[in-house]
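Residue numbers (our numbering), protein chains in the order written: chain A, 1316 to 1719; chain B, 5 to 425.
Here a beta-carbon is modelled for each residue, glycine too, at the ideal position from N, C-alpha and C.
Every value quoted in this text rests on a predicted model; they were computed, and no experiment measured them.
Report on the following structure.
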Amino acid sequence: MKALQGVKVVEFAAYAAGPVVGKHLVDHGATVVHIESRVRPDGFRTHYPPYKDNLHGLNRSGLFALCNNDKLSITLNLKKAPQATDLAKKIASWSDVVIENFSPGTMKRLGLDYETLKKVNPDLIMLSSSNLGQTGPHAHHPGFGSQLSSLAGFTHLIGYSDGTPQMLYGPYIDYIAVAYGAAAILAALDYRDRTGKGQHIDLAQYESGLQFLAPILLDYQINSRVQGRDGNRDPHAAPHGAYPCKGEDSWCVISIFTDQQWKSLCSAMGNPVWTKESRFATLEARKQNEDELDQRIGAWTAQFMGREIVKKLQRSGVHAGLVNSMRDLYSDPQLQHRGQWVEREHPEIGKMHYQCPPFILSKTPGGPEKRDPLLGESNDHFYRELLGLSEKEYRELMEGGVID
Amino acid sequence: MVSEEAQVGLLSSFRVLDLTDELGFLCGKILGDLGAEVIKVERPGGDPARLIGPFYRDLIHPEKSLYWFAFNNNKRGITLDLEKAKGREIFTRLVAQSDFVIESFPPGRLGELNLNYSALSRIRPRLIHTSITPFGQTGPYSRFKASDIEIMALSGCMSLVGDPDKPPLRVTFPQSYPWTGSYAAMGTLVAHLHRQRAGEGQQVDVSAQACLLWAFSHAHTFWDLNRHLETRAGSFMTGRSITGAKMRVFWPCKDGYLNFIIYGGEAGRKTNRALVDWMDSRGMAPEFLKRKDWSSFNIAEVTQGEIDEMEEPIARFFESITKKEFFVAVIQREMLGYPVSTVAEIYDDPQLKARHFWQKIEHPELGASLLYPGGFAKLSETACEVRRRAPLIGEHNEEIYCGELGMEKKELEELRRAGVI
Chain A
1316 MKALQGVKVV EFAAYAAGPV VGKHLVDHGA TVVHIESRVR PDGFRTHYPP YKDNLHGLNR
1376 SGLFALCNND KLSITLNLKK APQATDLAKK IASWSDVVIE NFSPGTMKRL GLDYETLKKV
1436 NPDLIMLSSS NLGQTGPHAH HPGFGSQLSS LAGFTHLIGY SDGTPQMLYG PYIDYIAVAY
1496 GAAAILAALD YRDRTGKGQH IDLAQYESGL QFLAPILLDY QINSRVQGRD GNRDPHAAPH
1556 GAYPCKGEDS WCVISIFTDQ QWKSLCSAMG NPVWTKESRF ATLEARKQNE DELDQRIGAW
1616 TAQFMGREIV KKLQRSGVHA GLVNSMRDLY SDPQLQHRGQ WVEREHPEIG KMHYQCPPFI
1676 LSKTPGGPEK RDPLLGESND HFYRELLGLS EKEYRELMEG GVID
Chain B
5 MVSEEAQVGL LSSFRVLDLT DELGFLCGKI LGDLGAEVIK VERPGGDPAR LIGPFYRDLI
65 HPEKSLYWFA FNNNKRGITL DLEKAKGREI FTRLVAQSDF VIESFPPGRL GELNLNYSAL
125 SRIRPRLIHT SITPFGQTGP YSRFKASDIE IMALSGCMSL VGDPDKPPLR VTFPQSYPWT
185 GSYAAMGTLV AHLHRQRAGE GQQVDVSAQA CLLWAFSHAH TFWDLNRHLE TRAGSFMTGR
245 SITGAKMRVF WPCKDGYLNF IIYGGEAGRK TNRALVDWMD SRGMAPEFLK RKDWSSFNIA
305 EVTQGEIDEM EEPIARFFES ITKKEFFVAV IQREMLGYPV STVAEIYDDP QLKARHFWQK
365 IEHPELGASL LYPGGFAKLS ETACEVRRRA PLIGEHNEEI YCGELGMEKK ELEELRRAGV
425 I
């Protein structure tokens, strides 16, 4: 038994912001239908590496796989109105939840906005996830999370104070909005059970993302301080950073907030003479001589393997950790202990590691069971068995290119 | 005046006991944003996280932490010493009336106090007990001590940030805490819906390390599929072309930086065309860019040579404009791209103003009202907003212990003297 068994979700959605909400729901047992069309497949299938063996193909994308395990993939060419619109409404009536992340206004143009769908499914819950929200002067501006993360202030906080901004790899802010979107849907489902009322959720990824920066927004408002980027430094700690270890591009991190932690670190290093100097005696002094402090710590860590250092420091009660590489994540003992990765065979990708939820439910644990679907793979099963189209209807819709 | 009806939230009928530190603050706040009645349970004297800066007018004081204000609004606050037997007894009485307990004690600590999930679920079988820790309740790292930078390191995030010839970097303002709190809220609500439907409570074991795996999207899948290792690339984006070409993301302009990426796909081609038109209107578009056949431009197969050739004139053009000019142009010309905003510019954004994002909340104790980031979403039938400021230390002791738990004022006074409250 999984927690969300029986919940029916439809995604008029592509890329990350919509489908990853569905991914978290499907991981806990919901039935999630991912709608694409052959004329316009999910952009993650077409435009975003990696592809298995670097060979481009609709069913070879690692990113699509990551976001869509266990879902049903059906095709529906929404440009084929009115049949496509009618079919889309029928699918919306079947569902408890519709997730869409088109640019605002698109669902309305397609005749599939919340007000319209509510007429065919009065207690529908619909999540519209967009860059900047469904309303407002910039609502229609198109955008991707990799750039919205800059408008929302994140990238200004990454890098060195005298260097260019940097990014945290991809559409960082999209995955913040994913957690908020899923939380809102789940609460709305319970509310609907109790009151009979559905809900439209207008989720601006921008506004979700800004929640994470609330303290420094207030800091600007009240203290006129504009928080910037400062490498790995932290005002409350020294040392606080990444230090080289033995091996190629191998690093560990150490953070020292209290005098006790500093004493423990010194003792773990064998109490070298330099640690007795007044320049390093207090947090304040260490902050003032932090460049030299970092060099000294780095000279010590460089003599050892990262794992040895982390083990030693953690034993002495010092905050420390390895900088895991993308490769290391698959063998990290803690992630393995939690069963973070589920290996499944995919007909075109081969072995793929699908990702488990970051939380484990004690009685109804979630996680991937099946690989991601090939484009249109679930048409037969969904349209005939779940939606209940007759053989004739189904054949006609296929012949007309509505189901393409 | 907002009507009674409009103040109802999705979770209005549920009570949450929030015993988290900064790792879990946002979990309770999100439940509160959705209407739940959240009670922050602090140790007598207040939570040590009240000393996390920044501070109101830079005054270091446990009731002036802006960090606390930001992540503990929509909560009431009581103090209670769980180290004392009487404190534990009162806590179990609260649990009997609550729907959620969220906590971030080191694994095993609540067991020592006889307040772990198995103990609490005997008092309240339908309870959802969410445990939020850096690495999870069990396993080889479960006893590891970690602050933000260790979580960012062990989740892999840092390996993707920084210059190739310098150490890996974290984000300067801690990100792992809100990531963990928000994903914990999702997990809590998965369990909640199941509880509501199947009648069964359970424990939700959240790992910060695992939450942060989503922060870098899919960088790890390059290793999984092709044994290619994505790593830190400074201000460039990698992984968008199978040739290994990297695209510049951050470009200096007159007064800061811009985020612009040469994309493919429909939106990318449209953007590239619009940019070249804009450059051309200022006489800054070279012939080869004007003649480029964007319809056949395929970002997934582009080479570094092609990218470098295109980026050179674009860089010169961006150096001649301001952030504001760029922002206005991307909106008008429907181009992809945004300025690299600072917190100052975010407060001025017309879109946020038009959507009434900012919410004015009174702080009578400061004689001031502050403008908060408002609800994370707009819901058609229910409220999602900041309803109350964060609690002062023990602010609601009397209201909750006497008003709701039925204690006599005298008893409360005794508990205060005994240091339980």
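| What residues from the stretch 1422–1435 of chain A come within 8 Å of chain B, judged by C-beta to C-beta, listed N to C? | Those residues of the stretch 1422–1435 of chain A that come within reach of chain B (Cβ to Cβ, closer than 8 Å) are Tyr1429.
| task | Please check if any C-beta of chain B sits within less than 8 Å of the C-beta of Met1482/A. | result | By 1-based counting over the first sequence, the position of residue 1482/A is 167. The beta-carbon of Met1482/A is placed less than 8 Å from the nearest beta-carbon of chain B.
| request: Please name the residue, chosen from Leu38/B, Ser239/B, Arg231/B, His133/B, that lies closest to Arg199/B on a Cα-to-Cα basis. | output: To locate residue 199/B, count along the second sequence from 1; it is residue 195. Among Leu38/B, Ser239/B, Arg231/B, His133/B, the Cα nearest to that of Arg199/B belongs to His133/B.
| Any C-beta of chain A under 8 Å from that of Phe73/B | Locating residue 73/B in the second sequence gives position 69, counting from the first residue. Closer than 8 Å to some Cβ of chain A, the Cβ of Phe73/B qualifies, so yes.
| query | What separation, rounded to the nearest whole angstrom, lies between the Cα atoms of Ala219/B and Thr1421/A? | reply | Numbered from 1 along the second sequence, position 215 holds the residue referred to as residue 219/B. Numbered from 1 along the first sequence, position 106 holds the residue referred to as residue 1421/A. Roughly 28 Å between the two C-alpha positions.
| Proximity test, Cβ basis, 8 Å: Phe361/B and chain A | Here the question's residue 361/B lines up with position 357 in the second sequence. Chain A places a beta carbon closer than 8 Å to that of Phe361/B, counting this residue as a contact.
| message | Tell me the residue span of the alpha helix (DSSP H) that contains Trp1615/A. | response | Residue numbering aside, residue 1615/A sits at position 300 when the first sequence is read from its first letter. For Trp1615/A, the enclosing alpha helix (DSSP H) stretches over residues 1605–1616.
| said: Taking the straight line between their C-alpha atoms, what separation do you get for Arg1611/A and Asp167/B? | reply: Here residue 1611/A is taken as the residue at index 296 of the first sequence, counted from 1. Here residue 167/B is taken as the residue at index 163 of the second sequence, counted from 1. Near 21 Å, if we compare the C-alpha coordinates of Asp167/B and Arg1611/A.
| Unbroken beta strand (DSSP E) run spanning Glu1326/A, endpoints | On the first sequence, residue 1326/A is found 11 positions in, with the first residue counted as 1. Segment 1323–1327, the beta strand (DSSP E) holding Glu1326/A.
| said: What ranges does the alpha helix (DSSP H) occupy inside the stretch 1499–1550 of chain A, keeping only unbroken runs of at least 4 residues that lie completely in it? | reply: Counting only runs of 4 or more residues that sit fully inside the stretch 1499–1550 of chain A, the alpha helix (DSSP H) segments are 1520–1526, 1529–1538, in chain order.
| query | Straight-line CA distance for Asp1719/A to Cys1671/A? | reply | The residue labelled residue 1719/A in the question sits at position 404 within the first sequence. The residue labelled residue 1671/A in the question sits at position 356 within the first sequence. Each residue's Cα considered, the two are about 32 Å apart.
| query | Do Gly22/B and Lys79/B have their C-beta atoms closer together than 8 Å? | reply | Locating residue 22/B in the second sequence gives position 18, counting from the first residue. Locating residue 79/B in the second sequence gives position 75, counting from the first residue. Reading off the sequence shown, one finds Asp at residue 22/B, where the question assumed Gly. The Cβ atoms of Asp22/B and Lys79/B sit closer than 8 Å to each other.
| request: Mark Thr1597/A as exposed unless 16 or more other C-beta atoms lie within 10 angstroms of its C-beta, in which case mark it buried. | output: By one-based count along the first sequence, residue 1597/A stands at place 282. Exposed is the call here.
| message | Taking CB distances under 8 Å as the criterion, tell me whether Lys1323/A reaches chain B. | response | Start at 1 with the first residue of the first sequence, and residue 1323/A comes out as number 8. Using a Cβ-Cβ cut-off of 8 Å, Lys1323/A does not count as an interface residue toward chain B, since no Cβ of chain B sits closer than that to its own.
| request: Take every Cβ of the stretch 101–114 of chain B, pair it with every Cβ of the stretch 30–49 of chain B, and state whether three or more of those distances are shorter than 8 Å. | output: Contact between the stretch 101–114 of chain B and the stretch 30–49 of chain B is present, because at least three Cβ pairs lie under 8 Å.
| What first and last residue would you give for the beta strand (DSSP E) that runs through Val344/B? | Start at 1 with the first residue of the second sequence, and residue 344/B comes out as number 340. According to the DSSP assignment, Val344/B belongs to no beta strand (DSSP E), since it is labelled neither H nor E.
| Going by Cα to Cα distance, which pick from Ala202/B, Ala304/B, Phe264/B, Met314/B is closest to Thr1361/A? | In the first sequence, the residue the question calls residue 1361/A occupies position 46. Of the listed residues, the one whose Cα sits closest to Thr1361/A is Ala304/B.
| Reduced DSSP secondary structure (H/G/I, E/B, other) of Phe1674/A | Counted from its first residue, the first sequence places residue 1674/A at position 359. In this structure, Phe1674/A counts as strand in the three-state DSSP scheme.
| Distance between beta carbons of Asn1538/A and Pro58/B, contact taken as under 8 Å | Within the second sequence, the letter at position 54 stands for residue 58/B. Within the first sequence, the letter at position 223 stands for residue 1538/A. With a Cβ gap of about 6 Å, Pro58/B and Asn1538/A count as contacting.
| said: Measuring CB atoms only, is the stretch 1677–1697 of chain A touching the stretch 1379–1393 of chain A, in the sense that at least three cross pairs come out at less than 8 Å? | reply: Contact between the stretch 1677–1697 of chain A and the stretch 1379–1393 of chain A is present, because at least three Cβ pairs lie under 8 Å.
| request: Within the same chain, show all residues whose beta-carbon is closer than 8 Å to that of Glu313/B, passing over the 5 residues directly before and after it, in chain order. | output: The sequence position of residue 313/B within the second sequence is 309, counting from 1. Shown here for Glu313/B: same chain residues with a beta carbon closer than 8 Å to its own, the five before and five after excluded, namely Phe292 in chain order.
| said: Taking 8 Å as the threshold (beta carbon to beta carbon), is Trp1409/A in contact with chain B? | reply: Residue numbering aside, residue 1409/A sits at position 94 when the first sequence is read from its first letter. No, no contact with chain B.
| request: Taking the CB atoms as reference points, tell me whether Phe73/B and Gln1542/A lie closer together than 8 Å. | output: For the purposes of this step, residue 73/B is identified with residue 69 of the second sequence, where counting begins at 1. For the purposes of this step, residue 1542/A is identified with residue 227 of the first sequence, where counting begins at 1. Contact: no.
| said: Give me, in chain order, the residues of the same chain whose beta-carbon lies closer than 8 Å to that of Ala1617/A; leave out the 5 immediate sequence neighbours on both sides. | reply: Along the first sequence, one-based indexing puts residue 1617/A at 302. Closer than 8 Å at the Cβ level, and outside the excluded window around Ala1617/A, lie Tyr1558, Pro1559, Cys1560, Lys1561.
| query | With contact counted as at least three CB pairs below 8 Å, one residue from each stretch, are the stretch 1562–1574 of chain A and the stretch 154–165 of chain B in contact? | reply | The way I'd put it, the stretch 1562–1574 of chain A does touch the stretch 154–165 of chain B; three or more beta-carbon pairs between them come closer than 8 Å.
| Any chance the CB of Pro182/B is under 7 Å from a heavy atom of the ligand SAH? | Although the ligand SAH was asked about, the structure shown includes no ligands whatsoever.
| When you compare each of Lys149/B, Arg231/B, Asn77/B to Pro111/B by their alpha carbons, which one comes out closest? | Sequence index remark: in the second sequence, residue 111/B carries index 107 (1-based). Per the Cα distances, Lys149/B.
| Contact set for Thr225/B: own chain, Cβ-Cβ below 8 Å, skip 5 residues either direction | Position 221 of the second sequence, counting from 1, holds the residue named residue 225/B. Taken in chain order, the list of residues that qualify is empty.
| request: Helix, strand or coil for Val1638/A, going by three-state DSSP, please let me know. | output: For the purposes of this step, residue 1638/A is taken as residue 323 along the first sequence, with counting starting at 1. Three-state DSSP puts Val1638/A in coil, outside helix and strand.
| message | Distance check for Ile1473/A and Leu340/B, CA to CA, integer angstroms please. | response | Translated into positions along the second sequence, residue 340/B becomes position 336. Translated into positions along the first sequence, residue 1473/A becomes position 158. Taking the straight line from one Cα to the other gives about 21 Å.
| Of all the CB atoms in chain B, is at least one closer than 8 Å to the CB of Ala1498/A? | Within the first sequence, residue 1498/A is the residue found at index 183, counting from 1. Yes, because at least one Cβ of chain B sits closer than 8 Å to the Cβ of Ala1498/A.
| query | Run through DSSP, which three-state label would Tyr1363/A get? | reply | If you number the first sequence from 1, residue 1363/A lands on position 48. The three-state reading of DSSP puts Tyr1363/A in coil, since its state is none of H, G, I, E or B.
| message | Is it the case that the stretch 1407–1418 of chain A contacts the stretch 1326–1334 of chain A, given that we only count it when at least three CB pairs across the two stretches are under 8 Å? | response | Short answer: they touch.
| Neighbour flag for His1652/A against chain B, beta carbons, 8 Å | The sequence position of residue 1652/A within the first sequence is 337, counting from 1. Chain B, which has a Cβ nearer than 8 Å to the Cβ of His1652/A, makes this yes.
| Taking Cβ-Cβ distances below 9 Å as the criterion, which residues of the stretch 339–352 of chain B are in contact with chain A? | Per Cβ criterion, the list reads Met339, Leu340, Gly341, Tyr342, Pro343, Val344, Ser345, Thr346, Val347, Ala348, Glu349, Ile350, Tyr351.
| query | What runs of the alpha helix (DSSP H), each 4 residues or longer, lie entirely inside the stretch 39–107 of chain B? | reply | Scanning the stretch 39–107 of chain B from its first residue to its last, the whole alpha helix (DSSP H) runs of 4-plus residues come out as 70–76, 89–100.
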